[in-house]
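Enquirer:
Protein chains: 2
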Amino acid sequence: MPGDPRPIGVFDSGMGGLTVLRALAARLPNERFVYLGDTARLPYGTKSADTVKAYALQATRLLLDQGVKMLVIACNTASAVAVDLLQQAFAPVPVIGVIEPGARAGVAATANRRIAVIATEGTVRGGAYARAIRTLMSDAEVVQQPCQVFVALAEEGWADSPATRAAAEHYLATLFASPAAPDTLVLGCTHFPVLAGAIRAVIGGRVAVVDSAETTAGAVAEALSGAGLASNAGARDAGTVRFFATDSPERFARVGAIFLGRAIDPASVTLVDLHTFA
Amino acid sequence: MPGDPRPIGVFDSGMGGLTVLRALAARLPNERFVYLGDTARLPYGTKSADTVKAYALQATRLLLDQGVKMLVIACNTASAVAVDLLQQAFAPVPVIGVIEPGARAGVAATANRRIAVIATEGTVRGGAYARAIRTLMSDAEVVQQPCQVFVALAEEGWADSPATRAAAEHYLATLFASPAAPDTLVLGCTHFPVLAGAIRAVIGGRVAVVDSAETTAGAVAEALSGAGLASNAGARDAGTVRFFATDSPERFARVGAIFLGRAIDPASVTLVDLHTFA
Numbered sequence: 001m002p003g004d005p006r007p008i009g010v011f012d013s014g015m016g017g018l019t020v021l022r023a024l025a026a027r028l029p030n031e032r033f034v035y036l037g038d039t040a041r042l043p044y045g046t047k048s049a050d051t052v053k054a055y056a057l058q059a060t061r062l063l064l065d066q067g068v069k070m071l072v073i074a075c076n077t078a079s080a081v082a083v084d085l086l087q088q089a090f091a092p093v094p095v096i097g098v099i100e101p102g103a104r105a106g107v108a109a110t111a112n113r114r115i116a117v118i119a120t121e122g123t124v125r126g127g128a129y130a131r132a133i134r135t136l137m138s139d140a141e142v143v144q145q146p147c148q149v150f151v152a153l154a155e156e157g158w159a160d161s162p163a164t165r166a167a168a169e170h171y172l173a174t175l176f177a178s179p180a181a182p183d184t185l186v187l188g189c190t191h192f193p194v195l196a197g198a199i200r201a202v203i204g205g206r207v208a209v210v211d212s213a214e215t216t217a218g219a220v221a222e223a224l225s226g227a228g229l230a231s232n233a234g235a236r237d238a239g240t241v242r243f244f245a246t247d248s249p250e251r252f253a254r255v256g257a258i259f260l261g262r263a264i265d266p267a268s269v270t271l272v273d274l275h276t277f278a
Numbered sequence: 001m002p003g004d005p006r007p008i009g010v011f012d013s014g015m016g017g018l019t020v021l022r023a024l025a026a027r028l029p030n031e032r033f034v035y036l037g038d039t040a041r042l043p044y045g046t047k048s049a050d051t052v053k054a055y056a057l058q059a060t061r062l063l064l065d066q067g068v069k070m071l072v073i074a075c076n077t078a079s080a081v082a083v084d085l086l087q088q089a090f091a092p093v094p095v096i097g098v099i100e101p102g103a104r105a106g107v108a109a110t111a112n113r114r115i116a117v118i119a120t121e122g123t124v125r126g127g128a129y130a131r132a133i134r135t136l137m138s139d140a141e142v143v144q145q146p147c148q149v150f151v152a153l154a155e156e157g158w159a160d161s162p163a164t165r166a167a168a169e170h171y172l173a174t175l176f177a178s179p180a181a182p183d184t185l186v187l188g189c190t191h192f193p194v195l196a197g198a199i200r201a202v203i204g205g206r207v208a209v210v211d212s213a214e215t216t217a218g219a220v221a222e223a224l225s226g227a228g229l230a231s232n233a234g235a236r237d238a239g240t241v242r243f244f245a246t247d248s249p250e251r252f253a254r255v256g257a258i259f260l261g262r263a264i265d266p267a268s269v270t271l272v273d274l275h276t277f278a
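Protein chains in written order, with this note's numbering: chain A, 1 to 278; chain B, 1 to 278.
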């Protein structure tokens, strides 16, 4: 078996999806990646479903143009509204979102069957997490809380600042104060893992905090081998990432490093215009 | 003199510019307005100059299509990079930004000739406020501080929450602690006036806090009468506003009310696609 050397495409509204790319690269060391952040139009979390669908279609066309063999929607908002559409539009290319893996992680972690999901306004409004969790655990009690300010706090790199603590207090303290509180919190936005410390300080150590990065990497690994698309050990350029952004490569590199957990060379980021893929 | 009954066009990346519209409507009761918020692509404050220029051109074309007689760029980021371009591209239509009026307000308020400007990353990076202030007061000492998280806090309506206080503390406490601190703070983003209470709590009562809304309204009044474009008393539809947004009218109405200071009927907001004006 020669393996399939084509890269995996990863798409997000901006830099938050780099938390997913990080988990993918760790889990799949033989693969190479193309990451696209639609930074000129972020955030998606406050935008309507139709707008996000149109943007996701353009992003997918660019990634297919780059020869990707599989698409990972590393953005909760886009996963919530566009995964089905993209699967239909671009079959047989496998398209994997982060909602179903995130729901799976939450269901695996809960003992009292009460799960809280924090996400952007758009993800909460669409209700995709609640549906995905109830599909896996029909009697689960799901509480959804939009945490829009967390996006800006994460992009500012304020992982555990007083402002982040105060925002976490505002959004989460009441929800986790009762004895019947959820025992599991799903971070339903790829920006939020960098704020996990401040979130944990507010909700206490007994609540399981899960995100979709690890489980998405697992789902991608399964899909790759299931479809015979995996790359072989020792594949050329294994572990490399080509970055594309729709706005300032300098800012993408600077803020992206917060989410990727390592430095990004601005010269390695290519500026693209997605309107040409409309 | 019959007066010129055509509306004044007001453009912002989103809802923050409604603080300027509010001042315009109060100052110019005979005029009617068309307000466009490019909510599908906000915020502009983290985007590059070229991207913001392209967006501003599209927005202006839409407003001219609506028959406006004058254009007010009620967005600091777009004013900083696009006013000259729009003036040249659309002459003889008068184009007025918020930077020069904001600088004028700061210069009028300072006694010690030390002025602080808080704004988005994009506005600070471009340095337009510092240039505009030094044009008016060549020996002014200008300190610029990006306050990106303030945008999200204002849109969440957290006018004086603990998180807003903590963010204000982070951005501003050191700057205003010294005896040689600025005596004037210019709110260089149209979102920030709603956070003035929390900002004042951190910087103290002796600092003058000014924004560009009032002075922009004054500049527009002058330009109208100077160019013979003012509407007459008793003009038809005086005081009315037509709203356009590039994303969810519902969210525009809900969040916009925070900035406009009065309710907005979602049914009065028209959804538009600016790509058709590219």
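Quick reminder that beta carbons are idealized off the backbone N, C-alpha and C, glycines included.
I need the boundaries of the beta strand (DSSP E) containing A:A116, first residue and last residue.
Expert: In the first sequence, counting from the first residue as 1, residue 116 of chain A sits at position 116. Looking at the DSSP string, the run of the beta strand (DSSP E) that includes A:A116 is R114 to A119.
Enquirer: Would you kindly check if the distance between the Cβ of B:L18 and the Cβ of B:V220 is under 8 Å?
Expert: What you label residue 220 of chain B is simply residue 220 of the second sequence in a count that begins at 1. What you label residue 18 of chain B is simply residue 18 of the second sequence in a count that begins at 1. No, these two residues do not count as a Cβ contact at 8 Å.
Enquirer: Answer yes if the segment 94-101 of chain A comes into contact with the segment 67-81 of chain A, meaning at least three C-beta pairs across the two stretches below 8 Å, and no otherwise.
Expert: yes
Enquirer: Distance cutoff 8 Å, beta carbons only. Does B:D247 sit that close to anything in chain A?
Expert: Locating residue 247 of chain B in the second sequence gives position 247, counting from the first residue. Yes, because at least one Cβ of chain A sits closer than 8 Å to the Cβ of B:D247.
Enquirer: On a Cα-Cα basis, can you pick out the residue from B:R242, B:D38 and B:V209 that is closest to B:G106?
Expert: Looking up residue 106 of chain B in the second sequence gives position 106. With distances taken between Cα atoms, B:G106 lies closest to B:V209.
Enquirer: Short of 8 Å Cβ to Cβ, which residues in the segment 143-155 of chain A face chain D?
Expert: Absent from the structure: chain D. Protein chains present are A and B.
Enquirer: If I follow the unbroken alpha helix (DSSP H) through A:E156, where does it start and stop?
Expert: On the first sequence, position 156 is the one that residue 156 of chain A refers to. Careful: A:E156 lies outside any alpha helix (DSSP H) and carries neither H nor E.
Enquirer: Does the Cβ of B:N112 have 16 or more other Cβ atoms within 10 Å, making it buried, or fewer, making it exposed?
Expert: Numbered from 1 along the second sequence, position 112 holds the residue referred to as residue 112 of chain B. It counts as exposed.
Enquirer: Pull up the CB-CB distance for A:S161 and B:H170, whole angstroms please, since I reckon it's below 8 Å.
Expert: Here residue 161 of chain A is taken as the residue at index 161 of the first sequence, counted from 1. Here residue 170 of chain B is taken as the residue at index 170 of the second sequence, counted from 1. Indeed they touch by this definition, with Cβ atoms about 6 Å apart.
Enquirer: Establish whether the CB of B:T174 and some CB of chain A are separated by less than 8 Å.
Expert: Taking the second sequence and counting its residues from 1, the one referred to as residue 174 of chain B is at position 174. No, B:T174 lies away from the interface with chain A (no Cβ there is under 8 Å from its Cβ).
Enquirer: If you compare alpha carbons, which of A:R242, A:A140 and A:S225 is closest to A:G3?
Expert: The residue you call residue 3 of chain A lines up with position 3 of the first sequence. For A:G3, the nearest C-alpha among the options comes from A:S225.
Enquirer: Report the CB separation of A:A130 from A:Q144 in whole angstroms; it is logged as a contact under 8 Å.
Expert: As a position in the first sequence, residue 130 of chain A is number 130, starting the count at 1. As a position in the first sequence, residue 144 of chain A is number 144, starting the count at 1. Yes, they are in contact, since the Cβ atoms of A:A130 and A:Q144 sit about 6 Å apart, within 8 Å.
Enquirer: Tell me which same chain residues have a C-beta within less than 6 Å of the C-beta of A:F176, skipping the five on either side of it?
Expert: Sequence index remark: in the first sequence, residue 176 of chain A carries index 176 (1-based). Within the same chain, A:F176 has close Cβ partners I203.
Enquirer: Using DSSP with H/G/I as helix, E/B as strand and the rest coil, what is B:T164?
Expert: By one-based count along the second sequence, residue 164 of chain B stands at place 164. Of the three classes helix, strand and coil, the one that applies to B:T164 here is helix, per DSSP.
Enquirer: Any Cβ of chain B within less than 8 Å of the Cβ of A:P101?
Expert: As a working note, residue 101 of chain A is residue 101 in the first sequence. By this cut-off, A:P101 is not an interface position.
Enquirer: Based on the DSSP secondary-structure assignment, which residues constitute the bridge partners of A:I8?
Expert: Locating residue 8 of chain A in the first sequence gives position 8, counting from the first residue. BP columns for A:I8 point to A:F33 and A:M70.
Enquirer: Just tell me which of B:A40, B:P43 and B:A78 has its CA closest to the CA of B:K53.
Expert: The residue you call residue 53 of chain B lines up with position 53 of the second sequence. Nearest of B:A40, B:P43 and B:A78 to B:K53, Cα basis: B:A78.
Enquirer: Can you pull the DSSP bridge partners for B:A40?
Expert: Within the second sequence, numbered from 1, the residue matching residue 40 of chain B stands at position 40. Answer by DSSP bridge pairing: none, since B:A40 is not bridged.
Enquirer: Residues of chain A with a CB under 8 Å from the CB of B:K47: which are they?
Expert: Here residue 47 of chain B refers to the residue found at position 47 when the second sequence is read from its first residue. Listed along chain A are T39, A40, D247 and S248, each with a C-beta nearer than 8 Å to that of B:K47.
Enquirer: Report the residue from A:V194, A:G234 and A:R206 whose alpha carbon sits nearest the alpha carbon of A:L260.
Expert: Numbered from 1 along the first sequence, position 260 holds the residue referred to as residue 260 of chain A. Among A:V194, A:G234 and A:R206, the Cα nearest to that of A:L260 belongs to A:V194.
Enquirer: What do you reckon, is the C-beta of B:A177 under 7 Å from a heavy atom of the ligand COA?
Expert: The ligand COA is absent from the structure shown, which contains no ligand whatsoever.
Enquirer: If I measure Cβ to Cβ from A:L229 and keep anything under 7 Å in the same chain, skipping five residues before and after, which residues do I get?
Expert: Translated into the one-based positions of the first sequence, residue 229 of chain A becomes position 229. Around A:L229: D4, K69 and M70.
Enquirer: In its own chain, which residues sit with a C-beta less than 6 Å from the C-beta of B:D211, not counting the 5 before and 5 after it?
Expert: Working through the second sequence from its first residue, we reach residue 211 of chain B at position 211. Correct list, in chain order: L187 and P193.
Enquirer: Distance cutoff 8 Å, beta carbons only. Does B:T270 sit that close to anything in chain A?
Expert: The sequence position of residue 270 of chain B within the second sequence is 270, counting from 1. So, not an interface residue.
Enquirer: In whole angstroms, what separates the C-alpha of A:L274 from that of B:A278?
Expert: Residue mapping note: residue 274 of chain A aligns to position 274 of the first sequence, counting from 1. Residue mapping note: residue 278 of chain B aligns to position 278 of the second sequence, counting from 1. Those two C-alpha atoms are separated by around 13 Å.
Enquirer: I'd like the list of long-range same chain contacts for B:V117, defined as Cβ closer than 6 Å, with 5 residues on each side in sequence excluded.
Expert: Your numbering for residue 117 of chain B matches position 117 in the second sequence. Closer than 6 Å at Cβ, skipping near neighbours: Y129, Q144, V186 and G188.
Enquirer: Round the Cβ separation of B:R41 and A:R41 to the nearest angstrom and send it over; I've been treating them as touching at under 8 Å.
Expert: Translated into the one-based positions of the second sequence, residue 41 of chain B becomes position 41. Translated into the one-based positions of the first sequence, residue 41 of chain A becomes position 41. That belief holds up - the Cβ atoms of B:R41 and A:R41 are roughly 5 Å apart, short of 8 Å.
Enquirer: I think A:G256 touches A:V151, with their Cβ atoms under 8 Å apart; what is that distance to the nearest whole Å?
Expert: The count along the first sequence starts at 1 and reaches residue 256 of chain A at position 256. The count along the first sequence starts at 1 and reaches residue 151 of chain A at position 151. Contact flag wrong, Cβ pair sits at about 14 Å.
Enquirer: Using a Cβ-Cβ cut-off of 8 Å, state whether B:P266 counts as contacting chain A.
Expert: Position 266 of the second sequence, counting from 1, holds the residue named residue 266 of chain B. No, because no Cβ of chain A sits closer than 8 Å to the Cβ of B:P266.
Enquirer: So which residues on chain B does A:H191 lean against when the C-beta distance must stay under 9 Å?
Expert: Residue numbering aside, residue 191 of chain A sits at position 191 when the first sequence is read from its first letter. Result: empty, since nearest Cβ-Cβ is about 12 Å, beyond 9 Å.
Enquirer: Let's test the definition: count the other Cβ atoms within 10 Å of the Cβ of A:L136 and tell me whether it reaches 16, buried, or not, exposed.
Expert: By 1-based counting over the first sequence, the position of residue 136 of chain A is 136. Flag for A:L136 reads exposed.
Enquirer: How many angstroms separate the CA atom of A:A263 from the CA atom of A:W158?
Expert: Position 263 of the first sequence, counted from the start, is the residue given in the question as residue 263 of chain A. Position 158 of the first sequence, counted from the start, is the residue given in the question as residue 158 of chain A. Approximately 17 Å, taken between the alpha carbons.
Enquirer: Alpha carbon to alpha carbon, how far is B:A91 from B:R22? Give it in angstroms, no decimals.
Expert: For the purposes of this step, residue 22 of chain B is taken as residue 22 along the second sequence, with counting starting at 1. For the purposes of this step, residue 91 of chain B is taken as residue 91 along the second sequence, with counting starting at 1. So the alpha carbons of these two residues sit roughly 26 Å apart.
Enquirer: Just the C-alpha distance for A:L108 and A:A132, rounded to the nearest angstrom, thanks.
Expert: As a working mapping, residue 108 of chain A is identified with position 108 in the first sequence. As a working mapping, residue 132 of chain A is identified with position 132 in the first sequence. First, the residue type needs correcting, since residue 108 of chain A is Ala and not Leu in the sequence shown. Cα to Cα, A:A108 sits roughly 13 Å from A:A132.
Enquirer: Comparing alpha-carbon positions, which option in B:P146, B:E156, B:P179 and B:R114 lies nearest B:S138?
Expert: For this step, residue 138 of chain B is matched to residue 138 along the second sequence. The shortest Cα separation from B:S138 among B:P146, B:E156, B:P179 and B:R114 belongs to B:R114.
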